[in-house]
Each structure stands twice: as structure tokens, then as C-alpha cells.
Amino acid sequence: MEDIIIGVVALAAVLLFFLYQKPKTKRYKLPPGPSPLPVIGNLLQLQKLNPQRFFAGWAKKYGPILSYRIGSRTMVVISSAELAKELLKTQDVNFADRPPHRGHEFISYGRRDMALNHYTPYYREIRKMGMNHLFSPTRVATFKHVREEEARRMMDKINKAADKSEVVDISLTAYMKECFERQDTYIQEVVNETLDPKRVKPETESMIDLLMGIYKEQPFASEFTVDNVKAVILDIVVAGTDTAAAAVVWGMTYLMKYPQVLKKAQAEVREYMKEKGSTFVTEDDVKNLPYFRALVKETLRIEPVIPLLIPRACIQDTKIAGYDIPAGTTVNVNAWAVSRDEKEWGPNPDEFRPERFLEKEVDFKGTDYEFIPFGSGRRMCPGMRLGAAMLEVPYANLLLSFNFKLPNGMKPDDINMDVMTGLAMHKSQHLKLVPEKVNKY
0 MEDIIIGVVA LAAVLLFFLY QKPKTKRYKL PPGPSPLPVI GNLLQLQKLN
50 PQRFFAGWAK KYGPILSYRI GSRTMVVISS AELAKELLKT QDVNFADRPP
100 HRGHEFISYG RRDMALNHYT PYYREIRKMG MNHLFSPTRV ATFKHVREEE
150 ARRMMDKINK AADKSEVVDI SLTAYMKECF ERQDTYIQEV VNETLDPKRV
200 KPETESMIDL LMGIYKEQPF ASEFTVDNVK AVILDIVVAG TDTAAAAVVW
250 GMTYLMKYPQ VLKKAQAEVR EYMKEKGSTF VTEDDVKNLP YFRALVKETL
300 RIEPVIPLLI PRACIQDTKI AGYDIPAGTT VNVNAWAVSR DEKEWGPNPD
350 EFRPERFLEK EVDFKGTDYE FIPFGSGRRM CPGMRLGAAM LEVPYANLLL
400 SFNFKLPNGM KPDDINMDVM TGLAMHKSQH LKLVPEKVNK Y
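Those letters in the sequence shown? Residues 0 to 440, per numbering that gives the first Met the number 0, in order.
Quick look at the structure:
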């Protein structure tokens, strides 16, 4: 009997020892959110179309910071200007990383680009290079003739359609999307051409020349390979053209739904250009068109082309609004919901009204957190100036050169406003319009 008692006591002691030694799982006070299912989390509750509206609906139920799960991974969504500022400014360094994603590894040449790279010394070097050499105000201005020439080509396509009274697919005219393999082939051809010793040096150095110069000089602590060059080119070519084209399409979509705004914008552009005696709006002209500039901002506010900013990853355990955000958590800022924050934009944020930017001094440079179409902080889009410039000239020239109407008796209320899931949110249904040439003085 005594042996049994001793055995039981010994077993209890061993159990207590291991229980005491077992590391305790830290309990977090996560933001509120929908109850997850075992294993898959909230995966089945997510929607493919209009994710920004879906998460805004969740925010109305759970609050401006919410959490959900995909499998075992915790995801957090921020939906107010106040908390966006907390994340992107006050705690910017805690959320400077990007979450792991196998698809990103493929499309960015193993995360050698700027947008999707982890927060590493290489990223900081390449971002500094981008800000100082590729996307500086001086460098962006240097290539304005290229952007204006592209806008002229777009105008020529629409002119030909107008001559025949044909319907124009604005979505395709603004941007012709190619698959990754074709993009890679094209980019490799550009790189090979730039490296060709027989190539005649152009009068104006291009961004590709700049990147290839960096490739030859190897100024970074990390090796800068041809794949690094291609990844940065992909940032410029795809991210820039894709987002600018989506913004033009959304702008024209809202102008068809708000004809009074269209008439006011056309009147300003046409009166100014008539007085100037020119038939093409340049980047320099845009500076003298205050209502049009407000229209551009309102377009980016009401339908930011990256409505869910590229996800951030939490580097270390922290808190936001009193809730725990564990290290490794993926955090999204719903820029679409932030730009509809009634505390900042008043009771009618869904109304398309450019005048709000004439009444309120707000810009998209990352310091006004109610308006962050290009993000903010350490991971803000370095090509912000380039993206804005690529949007303004084609947008203004569409207003100058054409009147538009919907085809086949469509009414503005018939326009489908759904968006496709992706980095840049394009309309799920292409915008098709009938252009009519304007008699230019």
C-alpha cells in the first residue's frame, strides 16, 4: 500500500513538474470579429467581388478595427482615418513588413521589387534609390513627354471610333493587360536592348538606363541582378499603368453618373484651353485647372484603385485601440472605407462631389489620413507622383476632346459598379461609351 501511495505521489510530482514547465500559450485580446470555423477560419464568409465594401460592412458591425481568421492566420482590418494614422504613422515601424505570399514570390522575381519586398536592408536601399533617382519630382518631370505621347495615342484611337460613331471600350483603351509571361518576355527584351553594346545612346536617359547603370555599378551591399532590374521595371510598368488606367475608367464611370460634374469639368478645361489656343492638355496645363485637380482627387477618394492597401505584417507584438496585435499578424487598411469616414467627410461620403477638395485642404501625399490612395509611411507608394501624372493628362484630354454617352439606351443607373478582386480594383464589367468629337474653336 505504501508503495502505491509513493508511486501516486511521484506521478503527481512529475505531472506537476511538466505542467509547471510547459510554456503557457499567451492569450491575446484580439479585435472583435466574426466567429471562425475550425481549421478554415472565416474563409467561407469572404466575398470575391467588392471586398472593400464587404469589409466596410463588417466594420459597421464590429467596429473600425476587426479581426478574422484564414486557417490559423489572424488578419486585421482597419477602417477609420484615426486608426489608419495610428498604424501608418505612430506605429509605422511596427507594421513595415509584408506578409508571406507564394504568389508574390513568383510575380516579383522572388520579392526583388519595391512594393512586395520584406522590410530588409535591400528594401531600404532600393526604396531610397527609387525615391532619389526614379520617382523624384525632377525625374518624373523629365519623362512627361513620354506620358503625353501615350495620351495622344489614346486620343487618336478614340478619334477614329468617333468618326464611325462606334462604341469605345474605355477599359481596354486606357490599358491593355498582358499576362505575366508576356510581360517578362517584353521586360527581358528591354533589358537586352539596353545592354546591347551596339545600341545608339538616346538623347534622354530612360528609367531603364538608370536601372541598368545601377546594375553595372553594383552600389548596394546586396547584389543587384538582372532579376532585380526586371522586378523594379515591373513595379513601374505594371503598377503604374494598371492603377492609372483603372482610375481613368472609374473617373469616367462616375462622370457618366453625375452629368453636372462632367459639364462643369469640361467647361473649365475647354475654356482654359481655348484661351490658351491649344488642343491638347499637357501636365503644365493641369496646374491651372483647380476644379479638374479637385476632380482627380475626388475620383481617387470615392474609388481608390487600391482600396485595400497592400497588406502590412506586424513585426512585434503591439496594441492598437486597446487590442493586441500579435507579431506576424497581417493587417489591411481599407482605404475605401477610410475615404468614407463620416467623421472626416460629413454625412454624404458616397456623393461624387469634387467641390469638397476646394473647401478642404487635403492631399494624397500621405499626411492626411482620411485620404490615402497611395498609402502612407515607410511603405507608401514611391511612385505616387508618377501615378498621379499618368492619370491627369489622359483624363483631362478626354474631357477636352469628346462628349460621351452611354450605348444602346443605357441609363446611368444601369452602370454596374462591381469591382474585381486584385491589387488594382478594376470594374468587373468594362465601361463602354460612345464618343462624339467636340468642335474645338
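Quick reminder that beta carbons are idealized off the backbone N, C-alpha and C, glycines included.
Keep in mind it's a predicted model, so treat the numbers as computed, not measured.
- In terms of CA proximity to Leu-405, Pro-434 leads the group Pro-434, Ile-157, Leu-307 and Glu-267.
- Straight-line spacing of the CA atoms in Leu-65 and Trp-57 works out to 8 Å.
- Counting only runs of 4 or more residues that sit fully inside the stretch 258 to 311, the alpha helix (DSSP H) segments are 258 to 275, 282 to 285 and 289 to 301, in chain order.
- Within the same chain, Cβ atoms closer than 6 Å to the Cβ of Val-280 are found at Ala-395, Asn-396 and Leu-399, the five residues on either side in sequence being excluded.
- In this structure, Gly-382 sits near Phe-134, with a CB-CB distance shorter than 8 Å.
- DSSP places Phe-403 in no alpha helix (DSSP H) but in the uninterrupted beta strand (DSSP E) bounded by 401 to 404.
- For Asp-412 and Val-260, the gap between their C-alpha atoms comes out near 16 Å.
- Straight-line spacing of the CA atoms in Arg-355 and Lys-263 works out to 14 Å.
- Residues of the same chain with a CB within less than 6 Å of the CB of Tyr-121, apart from the 5 flanking positions on each side, are Ser-221 in chain order.
- Under DSSP, Thr-73 shares a beta bridge with Arg-68.
- Contact between the stretch 294 to 312 and the stretch 331 to 339 is established, with three or more Cβ pairs separated by less than 8 Å.
- Under the Cβ criterion (8 Å, minimum of three pairs), the stretch 84 to 91 does not count as touching the stretch 346 to 364.
- For Leu-357, the enclosing alpha helix (DSSP H) has its first and last residue at 355 to 358.
- Counted as a single uninterrupted DSSP element, the beta strand (DSSP E) harbouring Thr-329 occupies residues 329 to 332.
- Shown here, Val-361 sits in coil according to DSSP, grouped into three states, outside any helix or strand.
- In this structure, the beta-carbon distance from Asp-234 to Asp-112 falls below 8 Å.
- The DSSP-derived three-state label of Val-166 is coil.
- Assigned with DSSP and collapsed to three states, Tyr-322 falls in strand.
- Taking 8 Å as the upper bound for CB-CB distance, Leu-430 and Pro-372 are not in contact here, some 19 Å apart.
- Here DSSP, grouped into helix, strand and coil, assigns Lys-59 to helix.
- Between Pro-98 and Ser-79, the beta carbon gap of about 22 Å keeps them out of contact (Cβ cut-off 8 Å).
- Looking at the backbone, the Cα of Arg-26 and that of Asp-284 are separated by about 58 Å.
- Per DSSP, Glu-124 is one residue of the alpha helix (DSSP H) stretching across 120 to 128.
- DSSP, reduced to helix, strand and coil, places Leu-45 outside both helices and strands of the structure shown, so it counts as coil.
- C-alpha of Leu-42 to C-alpha of Arg-110: approximately 26 Å in a straight line.
- Per the C-alpha coordinates, the member of Met-389, Gln-51 and Thr-420 positioned closest to Ala-150 is Met-389.
- Residue range 431 to 436 is occupied by the beta strand (DSSP E) that includes Pro-434, with no alpha helix (DSSP H) assigned at that position.
- In the structure shown, the three-state DSSP call for Asp-226 is helix.
- Rounded to the nearest angstrom, the Cβ distance from Pro-353 to Glu-297 is 4 Å, consistent with a contact under 8 Å.
- DSSP places Leu-36 within a strand segment (E or B) once states are collapsed to three.
- Taking the CA atoms as reference points, Asp-96 sits about 12 Å from Met-379.
- In terms of CA proximity to Pro-303, Ala-423 leads the group Ala-423, Asn-438 and Asn-116.
- Tyr-108 has its alpha-carbon roughly 6 Å from the corresponding atom of Ala-230.
- Between Arg-152 and Met-416, the alpha-carbon positions lie close to 28 Å from each other.
- With contacts defined as CB atoms closer than 8 Å, Val-392 and Glu-147 qualify as a contacting pair.
- By the beta-carbon neighbour count (other beta carbons within 10 angstroms, threshold 16), Glu-270 is exposed.
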